[in-house]
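In UniProt numbering, the protein residues as written are 1 to 148. Okay, so here's the structure we're looking at.
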């Protein structure tokens, strides 16, 4: 069965230098802590509000450190979506951590990935979003990058 691509929004969120943060604050990387637990909750609320598809990364057992979301046809409400992503970034910054968020308008599949490789390389838009994310993180991170 061939996948159906529709235009939408790809969102990639990733905590910056999280291993350093956990060591500095004495937190466990493998269980939900103040940052990953909060990010899980914030992403879950965002997904519910915007009917986004969690392609990869929402983790209740370990806490969310990175996630890829897709919103089919989401470009119609892009201003409101960006406002909600700024709230997520501000909340993460408030507890002393930093996060990089990339938002790209491209074609989306709108379904969960089978594994990490498919999540990161499943569509040209996701590959582009990951490249932009890595570039932003190398430049210091804690950014909200919009490619619309």
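Don't be surprised by glycine CBs; every beta carbon is placed ideally from N, CA and C.
Residue i and residue j closer than 9 Å at C-beta
i: residue 22; j: residue 28; result: yes
i: residue 107; j: residue 68; result: no
i: residue 92; j: residue 42; result: yes
i: residue 39; j: residue 88; result: yes
Same chain, Cβ closer than 8 Å to residue i, neighbours up to 5 away in sequence not counted
i: residue 74; result: 8, 9, 50, 52, 81
i: residue 133; result: 12, 14, 100, 102, 145
Beta-carbon contacts of residue i that lie in its chain and below 6 Å, excluding the five residues immediately before and after
i: residue 37; result: 63
i: residue 147; result: 104
Residue burial classification, residue i (beta-carbon count within 10 angstroms, cutoff 16)
i: residue 33; result: buried
i: residue 83; result: exposed
i: residue 65; result: buried
i: residue 126; result: buried
i: residue 76; result: exposed
For residue j and residue i, believed in contact at Cβ under 8 Å, the rounded distance
i: residue 35; j: residue 97; result: 5 Å
i: residue 113; j: residue 55; result: 5 Å
i: residue 110; j: residue 6; result: 7 Å
As assigned by DSSP and simplified to three states, the class of residue i
i: residue 28; result: coil
i: residue 7; result: strand
i: residue 13; result: strand
i: residue 105; result: strand
i: residue 64; result: coil
i: residue 144; result: strand
Close beta carbons around residue i, own chain, < 7 Å, minus the five adjacent residues each side
i: residue 86; result: 144
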